[in-house]
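Take the sequence shown: its position 205, counting from 1, is numbered 205 in the working numbering, and each next residue is one higher.
For reference, the structure is listed below as structure tokens.
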Amino acid sequence: MVDFQALRQAMVVGQILPCVQVSGALRRALETLPREDCVAAHWRTMAYADGDAPLEDGRFLLSALSFMRLLKEAQIEKYHKVLDVGAGVGYTSAMIGAVAERVVGLETSPTLVLRAQEFLSKNHMTHVSVEAVSDFSVVPEEAASYGVILVEGCLNEAPHGYLEALKEGGRLLCFLRRPHGSLPQATLFEKYQGTVSKKALFEGAASLLESQSLSQRKAS
């Protein structure tokens with residue numbers, strides 16, 4: 001029988017802590033949230049391996065290290081409302097919920113939305129939800145109310161619609177695809193006085209977020 005608690009602890013000690021300083025709340029979430037319940041059934045025993053893990057419908061869960069590095073750069077405070085684009089089965093949204101006041105995940109796959117709702121309910125994440133959307137490129141009107149937006153996957157180009165919707169002082173973090181086989185670039189966008197700045201953060205592994213483009217302008 002697989003000891004998932006031991007695998008979870010090994011992931012934290014072996015993968016995360018050597019590279020990322022984590023708060024007490026985030027460490028507790030890493031050590032308690034069952035990542036094995038989120039991945040595809042045939043991948044459960046590999047849920048804590050260092051790499052993206054397959055989900056249903058051709059989607060992937062970001063590696064724990066790539067996600068935690070991105071989350072650290074987001075600088076989320078307890079008062080923040082966070083939008084989690086490409087939330088999958090809710091694992092990343094639940095992790096964000098360890099440090100944020102409110103988290104809303106967006107997901108296009110009905111199968112993953114149902115699994116996310118079950119996962120969040122099972123783990124008592126009452127301030128975290130995952131909602132179904134038809135297309136990630138259609139920016140919800142309420143996007144402007146979120147102080148932080150995270151995109152769970154690699155994009156071909158900057159998500160212009162979400163950047164237009166970003167509130168003043170808000171931050172958006174995602175991985176951007178680079179040419180010639182290079183690793184994706186974790187990127188931070190910030191809006192101040194109506195202008196969006198862009199900062200390259202680090203290289204990291206991240207699977208492409210579907211074939212859907214997030215580069216469209218904000219829907220009117």
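Built from N, CA and C at the ideal position, the CB exists for glycine as well.
Computed from a predicted structure; not experimentally measured.
{"Query": "DSSP puts G105 in a beta bridge; with which residues?", "Result": "D84, V130"}
{"Query": "Assuming R177 and C154 make a contact with CB atoms under 8 Å, what is their CB distance in whole Å?", "Result": "5 Å"}
{"Query": "Looking only at its chain, what residues have a beta carbon closer than 8 Å to the beta carbon of L150, apart from the 5 residues adjacent to it on each side?", "Result": "L70, L71, A74, V82, L83, D84, V85, T92, I96, L172, L173, C174"}
{"Query": "My output table needs one value for K218: the three-state DSSP class, helix, strand or coil.", "Result": "In this prediction, K218 has a pLDDT of 45, which is less than 50 and means its spatial position is unreliable; what the coordinates show is noted afterwards. Here K218 sits in coil by DSSP."}
{"Query": "Would you tell me roughly how many angstroms separate the C-alpha atoms of G181 and S137, rounded to the nearest one?", "Result": "25 Å"}
{"Query": "Is it true that the CB of A98 sits closer than 9 Å to the CB of A10?", "Result": "no"}
{"Query": "With DSSP as the reference, please indicate the residues paired to A200 in a beta bridge.", "Result": "T187"}
{"Query": "Could you pull out every residue in the same chain whose Cβ sits closer than 7 Å to the Cβ of V113, ignoring the five residues on either side in sequence?", "Result": "E107, V130, A132"}
{"Query": "Can you tell me whether V52 is buried or exposed, with buried defined as 16 or more other CB within 10 angstroms of its CB?", "Result": "First, the amino acid is wrong: residue 52 is Asp here, not Val. The residue in question, D52, is buried, as its Cβ has 16 or more Cβ neighbours within 10 Å."}
{"Query": "Taking 9 Å as the cut-off, decide whether the C-beta atoms of Q185 and E203 are in contact.", "Result": "yes"}
{"Query": "Rounding to the nearest angstrom, what Cα-Cα distance links V139 and V22 in this structure?", "Result": "31 Å"}
{"Query": "Alpha carbon to alpha carbon, how far is M1 from K78? Give it in angstroms, no decimals.", "Result": "38 Å"}
{"Query": "Within a Cβ cutoff of 6 Å, which residues of the same chain sit near M125, ignoring the five residues on either side of it in sequence?", "Result": "A94, G97"}
{"Query": "Run through DSSP, which three-state label would G147 get?", "Result": "coil"}
{"Query": "With DSSP run on the structure shown, which of helix, strand or coil describes Y192?", "Result": "strand"}
{"Query": "Roughly how many whole angstroms lie between the Cα atoms of E101 and Y146?", "Result": "11 Å"}
{"Query": "Compute the Euclidean distance between the alpha carbons of T195 and C19, then round it to the nearest angstrom.", "Result": "32 Å"}
{"Query": "To the nearest angstrom, report how far apart E141 and A41 are at their CA atoms.", "Result": "35 Å"}
{"Query": "Looking at F202 and the ligand NAD, is the gap between the Cβ and the nearest heavy atom below 8 Å?", "Result": "Judged by which ligands are present, the structure shown has none, so any question about the ligand NAD falls away."}
{"Query": "If you follow the alpha helix (DSSP H) that R69 is part of, which residue opens it and which one closes it?", "Result": "64-74"}
{"Query": "Out of L166, A143, P159, A200, which has the shortest C-alpha to C-alpha gap to Q193?", "Result": "L166"}
{"Query": "G97 by DSSP, collapsed to three states: which one?", "Result": "helix"}
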